[in-house]
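Residue numbers (the working numbering): 8 to 451.
All residues carry an ideal CB built from backbone N, CA and C; glycine is no exception.
Structure first, then comments.
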């Protein structure tokens, strides 16, 4: 990441990462397709209605993996192998502890929060069941995310892709078996997901344990190094809070979606899952910006960091235009994969027009966040996201939507928040970059 031409290396880094994200979404898509086609639209709504709440609960812990990525990339780029070893072993043990904690949090909160979200009576029992089973797999989910963060930080995005491919095939097979053959409904969908997550986590851990590189994991060396944990938290907690702010606003929006009924809920589930595929492309370049910036900052190469920013931004925006418009134009066919219900498909298309076509506006917001985190600044993008995303969307729901309470008006809050927050993050980037580059000059 610190030598030679940049563009080709960024693409080679981002493509496997994007494909990994696609495979993770295919886990969810398989859940939803099987639920919607073989267990009914209520089951589809039940699986989808939990997404925002699950993300809200786990994002704070997932944010710590951002800290892992930045610290590992910086130590790897500067050749500090002892620092790298301490960071990796602290990260793996932290992931397992976090996963166990999340089991109790998720199982305990699922019923009361879904009731607060006004989940309809014909959906709520299935939603609670799905969430409780899903959270049993949290140790595996956390281990995969933290282990994957280590591999991405050193430039390895291919092996996580291979592992997810294996897990994805297993997920689809078990989905079909549990739901169609055993008639387990949403419980079967959730169990299949937990099994596939466990497989992907096990493969990542095996990869790290068998490596002969400085980031190799040895089980007997797993320990929490206080200094490393605090550094992870310094970067990771603001990143987690930032992710949680998106989820808080999405939970509020999901509550409003629920008030439109189970048909609208099913439509939102399917269309948001399709939008997730667009997100993975943008997020791949966000993570590329973060990792490349971290390594080059560790290697004290500021001019290279500027080129990383421009390359990631242009590629993320360009691909978002093509994929966003293409997904809307093919939306009827794509939504038809989830459900044959024409009312659900019509609702889904109306949402996609508002959110998919202007999706390129999210690229500025996300890539700037990656650059800021790569430079070691996580607090500022968090604050900007709270103001520009969470605050704006919630204000929209309670102040603007009541004036014209339509399906499309509900989702206009998304592109508006992307634009506003993106401008905020761009301003922050220029401020942070100036200070970070000044520190590099002082340090030699």
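May I have the straight-line CA-CA distance separating residue i from residue j, to the nearest angstrom?
i           : j           : result
residue 175 : residue 410 : 44 Å
residue 396 : residue 189 : 43 Å
residue 12  : residue 424 : 35 Å
residue 140 : residue 267 : 27 Å
residue 7   : residue 211 : Here the chain comprises residues numbered 8 to 451, so residue 7 is not present and cannot be evaluated.
residue 338 : residue 366 : 15 Å
residue 273 : residue 229 : 43 Å
residue 351 : residue 214 : 42 Å
residue 347 : residue 192 : 18 Å
residue 146 : residue 162 : 24 Å
residue 301 : residue 270 : 45 Å
residue 435 : residue 379 : 8 Å
residue 329 : residue 231 : 45 Å
residue 247 : residue 354 : 32 Å
residue 421 : residue 320 : 20 Å
residue 209 : residue 412 : 47 Å
residue 408 : residue 186 : 38 Å
residue 237 : residue 89  : 17 Å
residue 126 : residue 403 : 21 Å
residue 369 : residue 107 : 33 Å
residue 21  : residue 341 : 25 Å
residue 316 : residue 178 : 36 Å
For residue i, name the three-state secondary structure that DSSP assigns.
i           : result
residue 231 : coil
residue 175 : helix
residue 295 : helix
residue 364 : coil
residue 402 : helix
residue 199 : helix
residue 282 : helix
residue 10  : coil
residue 138 : helix
residue 386 : helix
residue 150 : helix
residue 87  : coil
residue 97  : helix
residue 127 : coil
residue 181 : helix
residue 164 : coil
residue 411 : coil
residue 266 : coil
residue 191 : coil
residue 219 : coil
residue 70  : helix
residue 132 : helix
residue 224 : coil
residue 346 : coil
For residue i, is the classification buried or exposed, using 16 other Cβ atoms within 10 angstroms of its Cβ as the cut-off for buried?
i           : result
residue 235 : buried
residue 336 : exposed
residue 96  : buried
residue 220 : exposed
residue 184 : exposed
residue 216 : exposed
residue 226 : exposed
residue 128 : exposed
residue 432 : buried
residue 123 : exposed
residue 388 : buried
residue 391 : buried
residue 437 : exposed
residue 406 : exposed
residue 429 : buried
residue 445 : exposed
Tell me, please, whether the CB atom of residue i is closer than 8 Å to any CB atom in chain C?
i          : result
residue 24 : Reference to chain C is not applicable here, since this structure consists of a single protein chain.
Query raised in the report: Contact between the stretch 351-366 and the stretch 275-290: three or more CB pairs below 8 Å?
Result: yes
Requested in this report: Say whether the stretch 285-294 touches the stretch 15-29, bearing in mind that this needs 3 or more beta-carbon pairs closer than 8 Å, one atom from each stretch.
Outcome: yes
Report task. Tell me, please, whether the stretch 71-83 touches the stretch 294-314 by the rule of three or more beta-carbon pairs shorter than 8 Å. Result -> yes
Query raised in the report: Using 8 Å as the Cβ pair cut-off and three pairs as the minimum, do the stretch 109-126 and the stretch 137-155 touch?
Result: yes
Query raised in the report: Taking one C-beta from the stretch 255-262 and one from the stretch 324-334 each time, how about it: are there three or more such pairs within less than 8 Å?
Result: no
**Report entry** Inter-stretch contact at 8 Å, needing at least 3 Cβ pairs: the stretch 114-123 / the stretch 85-94
**Finding:** no
**Report entry** Sufficient close CB pairs (3 or more, under 8 Å) joining the stretch 65-76 to the stretch 198-211
**Finding:** no
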